[in-house]
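Worksheet for the structure shown next.
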Amino acid sequence: MTLPSAIRKISDTVWEIPVTYKPGMLVPARIYCTEGLLGRMDEGVFEQVTNVACLPGIINYAFCMPDGHWGYGFPIGGMAAMDPETGVISPGGIGFDINCGMRLVLTSLTYDEVKPELPRLVDALFSRIPSGVGSTGFVRISRDEFRLVAEMGSRWCKRNGYAWQEDLEMTEEGGCFSGADASAVSEKAVERGFDQIGTLGSGNHYLEIQVAKPENIHDEETARAFGFTLPNQVAIMFHCGSRGFGHQVATDYLKLFLGVCGKKYGIRVNDRELSCAPFRAPEGQDYFAAMKCAVNMAFANRQVILHRIREVFSSIFHRSPEDLGMRMVYDVAHNTAKLERHMVKGKKREILVHRKGATRALAPGMEGLPDCYRETGQPVIIGGSMETGSYLLAGLPGGEETFYTTAHGSGRAMSRHQAKKLFRGQKIQREMEERGIHVRTASWGALAEEAGPAYKNIDEVVEATELAGLSKRVIRLVPIGNIKG
Amino acid sequence: MPFRYLEDVATADAAFEATGETIEEMFLAAAAATVNVMVEHPEEVEGGEEISFELEQEDLEMLLFDFLQEIIYLKDARRLLLLVEAVDIDMKATPIRLSARSRGETIDAQRRRLLTDVKAVTLHRFGIRRDDRGWTATVVLDV
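First to last, the protein sequences are chains A and B.
Residue numbering for the first sequence follows our numbering, starting at 485 and increasing by one per position.
Residue numbering for the second sequence follows our numbering, starting at 45 and increasing by one per position.
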C-alpha cells in the first residue's frame with residue numbers, strides 16, 4: 485500500500501490530506517488511526533475520503549475512523565458534517581443498510597450458570613430469531629401497520645408489548661428519529677420489509693452470547709455503571725439493520741439523486757455513489773424523511789429481536805426476563821444522518837452529521853445521554869469478528885473534533901470470496917466448539933466468510949480510538965455462543 | 045453461465061464480471077452471478093411459478109442496474125430465487141425496453157444451500173463495455 489505523498493502527521497493518531505491533494509476539495513480529510521493501521525489501510529479510503537471532502541457544505545474536515553476501509557461513496561468508517569442550509573445529504577454517506585447498528589443486553593447470569601445450557605440456548609435462539617437469505621419474522625402485520633412501525637420505531641414495539649419503557653431510554657434517540665414520513669417511502673420498499681421485523685439478516689450480521697471476564701475489564705467503575713457487576717457476567721450482543729426495507733429506500737433515492745444531482749442542482753461528484761441533493765431541496769428532505777423510516781424500522785427490528793431473546797432465556801432458565809436482569813446496556817446506530825447540535829468555530833449550531841460505519845459517542849455530561857450515563861459518557865458497542873471478541877467503550881470529551889464520533893467495528897481484511905476458498909464453515913464450527921464457542925449458522929458458506937482471520941485486529945482499532953481521545957475501553961467481551969446469518 | 049467473481053474489488057462484498065456475445069447473454073450471466081451469491085448452483089433453481097417482468101430505461105447501464113435490482117426485490121418481496129431463462133432487449137426503442145422470462149423457486153433452506161443475502165446493486169465500478177468478443181458488465185453487490 486502506498487500512502488498519498490501529501491498526507492501529513494498531525495499527531496500520533498491523526499493524519500491529514502490537504503485540500504491541494506485533489507481539485508474540488510473544500511476541506512482537508514482527516515484519518516484517525518495509528519501509524520500501523522494507516523500503513524495497512526486500503527487505497528480506496530484515501531480516494532473516497534477526499535471525494536467526500538468535495539461535497540458542498542462540508543464542515544471542517546472529511547473524517548475517517550481507525551476501522552476505515554473502502555465503501556460505496558464514503559469509506560466505511562467515514563463521517564462528514566454538513567451545513568444544513570448550504571450543504572447536501574447523500575445516501576452514500578449513510579449506506580445501503582440504513583441504521584445498521586449494535587445492541588448490548590445484560591443478564592444477571594454468570595458463565596458457570598449458562599455453560600450447561602449453552603447448546604440448548606444457542607439452538608433456541610437460532611430457531612426463534614430467523615436469519616439468512618429470505619428469512620421472515622414472526623410479527624405478522626399489514627403493510628399499513630408497517631408504515632406505522634417505520635414512523636414510530638421502538639415506540640410501536642412498546643405499544644405492542646415487545647419493549648420495556650427503559651429499553652427506549654437506552655436506545656439512541658429513544659428508538660425513534662422524529663420526522664419519519666412513510667409517504668416518502670416506495671411501495672417496493674414496504675413490500676421488501678413488512679414481514680422482516682425480528683430477523684437478523686446475513687453477511688456480517690450476528691447475535692452472540694458473550695462473557696465479561698474479570699481480566700478483560702479495563703475500567704471497573706464504568707463497567708459497573710454499565711451494569712457489569714458480577715465476575716464472568718453473561719451478556720448478549722447483536723448486529724443488524726433495516727433489512728430489505730432500508731436497502732430499497734437507499735436504492736430508490738440513490739437513483740433519484742443520480743438524476744437530479746448534476747442536472748437539476750449542478751453538483752459535480754467524483755463518484756456516482758456520492759450522488760446527493762441539497763439538504764433543503766425537496767428531494768433532500770424526502771430522502772431524510774424516508775431514511776428516518778428505515779432508521780426506525782431497524783430500531784424496531786432490534787427491539788423485537790430483544791423480545792425474542794428474553795423469551796428464550798426465560799423459557800430455558802424458568803425465570804422471568806426481569807428476574808434474569810435482562811436490561812439493555814445500549815443500542816447505537818452506525819449508518820445514519822442526523823441533525824445534531826455541536827460547536828463549530830466557537831458557536832453551538834445545528835449540523836447534519838453523516839455517519840457511515842461510524843458510531844456516535846457522546847462524552848460525559850452531554851445532552852442526549854440517559855441520566856444513568858451522565859457521569860460515564862455514552863456506551864459504544866464495537867463488534868469484532870465472531871472468533872475474537874468485541875468491545876464496550878465509553879465516549880470521551882476528546883470526541884469534540886469528530887463531532888463525537890468513533891469507530892464501529894474491526895473491518896474486513898480479506899474478501900468474502902477469498903475467505904470461502906481458505907476456510908470451511910463446518911471446520912470453523914468444530915474448532916470454535918473445541919474452544920467453548922457454540923455456533924449455529926444459516927449457511928456454512930456465510931460462516932466461512934466471517935472467519936476470524938478475515939477481519940482486522942479489533943484490539944488495534946479500539947486502542948487507536950482511545951489514543952485519539954474519541955472513546956475509551958471499558959470491557960472486552962468474548963463470545964461463548966454465536967448465531968450467524 | 046460466463047461470469048467470474050473478482051477478488052480485489054470488493055473486500056467486504058461481492059464483485060463479478062459477466063460476459064456474453066450478445067447483450068442478452070451478458071444480462072443472463074449477470075443475473076446468474078447475482079443469484080449465485082445467494083445460493084449454490086443457481087442453474088438448479090426450479091419451480092412452477094413463471095415470473096415475467098418488463099423494464100424501461102433511457103440508458104443500458106441503468107437498465108442492467110434495474111434488472112439486477114428486480115431480482116433482489118423479488119427475493120425479499122416474494123421470497124423467490126429466480127432462474128432467468130430469457131431476456132429480450134429492444135435497443136431501438138426509446139426508452140430501451142427489456143422483457144424477462146424467469147422461473148421462481150420459493151426460498152427453502154432445507155432444499156438449497158443458501159449463501160449470503162444480497163442487499164443492493166451498487167454503482168461502485170458499475171459499468172458495461174463492448175469489445176470484439178462481445179459484452180462485459182462489472183458489478184459490485186452490497187451483501
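Cβ atoms here follow ideal geometry from the backbone N, Cα and C, with glycine treated the same way.
Predicted model only: the values in this text are computed from it and were never measured.
Listed along chain B, no residue sits closer than 8 Å to Tyr690 of chain A by beta-carbon distance, the nearest being about 13 Å off. In the DSSP annotation of this structure, the continuous segment of the beta strand (DSSP E) that includes Arg145 of chain B starts and ends at Ile140 to Thr150. Interface residue (Cβ-Cβ distance to chain A less than 8 Å): Leu158 of chain B is classified as such. Among the CB atoms of chain A, none fall inside 8 Å of the CB of Lys136 of chain B. Annotated three-state conformation of Ala845 of chain A is coil, per DSSP. A distance below 6 Å between beta-carbons, with the five flanking residues on each side excluded, links Gly895 of chain A to the following residues of its chain, in chain order: Asp551, His553 and Lys940. Contact check between the segment 157-167 of chain B and the segment 606-621 of chain A: three or more CB pairs, one atom from each, fall below 8 Å, which counts as touching. Put simply, the backbone Cα of Cys538 of chain A is about 29 Å away from that of Leu104 of chain B. Under the 8 Å criterion on CB atoms, Lys776 of chain A is classed as non-interfacial with respect to chain B.
A check of alpha carbon separations from Val83 of chain B across B:Arg157, B:Gly92 and B:Arg48 identifies B:Arg157 as the nearest. DSSP lists B:Arg145 as the bridge partner or partners of Ser96 of chain B. DSSP places Phe47 of chain B inside the beta strand (DSSP E), whose first and last residues are Phe47 to Tyr49.
Neighbourhood of Val187 of chain B in chain A, by CB distance below 8 Å: Ser686, Gly687 and Arg900, in chain order. Taking C-beta atoms as the reference points, Cys745 of chain A and Ser759 of chain A count as a pair closer than 8 Å.
A Cβ-Cβ distance of about 20 Å is found for the pair Pro540 of chain A and Cys548 of chain A, leaving them out of contact under the 8 Å criterion. For Arg604 of chain A, the CB contacts under 8 Å within the same chain, skipping 5 residues up- and downstream, are Ile800 in chain order.
Arg914 of chain A sits exposed, since fewer than 16 C-beta atoms from the chains shown fall within 10 Å of its C-beta.
A direct Cα-Cα distance of roughly 7 Å separates Glu98 of chain B from Arg141 of chain B.
Note: Thr594 of chain A is bridge-paired with A:Gln717 in the DSSP secondary-structure output. At a beta-carbon threshold of 8 Å, none of the residues of chain B lie near Arg792 of chain A; the nearest stands roughly 18 Å away. Burial check for Arg792 of chain A: the Cβ neighbour count within 10 Å reaches 16 or more, so the residue is buried.
Bounds of the beta strand (DSSP E) holding Gly561 of chain A are Ile560 to Met566. Distance from the Cα of Val165 of chain B is smallest, within the candidate group B:Ile116, B:Met70, B:Ala130 and B:Ser143, for B:Ile116.
Tyr857 of chain A and Pro863 of chain A have their C-alpha atoms roughly 8 Å apart. For Gly929 of chain A, the chain B residues whose Cβ falls inside 9 Å of its Cβ are Glu84, Arg157, Leu158, Leu159 and Thr160, in order along the chain.
Straight through space, the alpha carbons of Ile543 of chain A and Thr504 of chain A are spaced by roughly 17 Å. Taking 8 Å as the cut-off, the beta carbon of Glu757 of chain A is found closer than this to the beta carbon of Gly576 of chain A. Under the three-state reduction of DSSP output, Asn785 of chain A falls in the helix class. When CB distances to chain A are screened at a threshold of 9 Å, the residues of the segment 114-135 of chain B falling below it are Ile116, Tyr117, Lys119, Asp120, Ala121, Arg122, Arg123, Leu124 and Leu125, in chain order. Counting only Cβ-Cβ distances below 7 Å, Thr166 of chain B has contacts in chain A at Tyr556 and Glu757, in chain order. Legend: CB atoms of the segment 609-621 of chain A lying less than 8 Å from CB atoms of chain B belong to residues Gly616, Val617, Gly618 and Thr620. Excluding the 5 residues flanking it on each side, Ala73 of chain B has same chain C-beta neighbours closer than 7 Å at Met45, Pro46, Phe47, Ala62, Thr63 and Gly64, in chain order. Ile573 of chain A and Gly768 of chain A have their C-alpha atoms spaced approximately 6 Å apart. Only Lys672, Glu675, Arg676 and Gly677 from the segment 662-677 of chain A bring a Cβ to less than 8 Å from some Cβ of chain B. Segment contact: the segment 592-610 of chain A against the segment 841-860 of chain A, fewer than three CB-CB distances shorter than 8 Å; contact not assigned.
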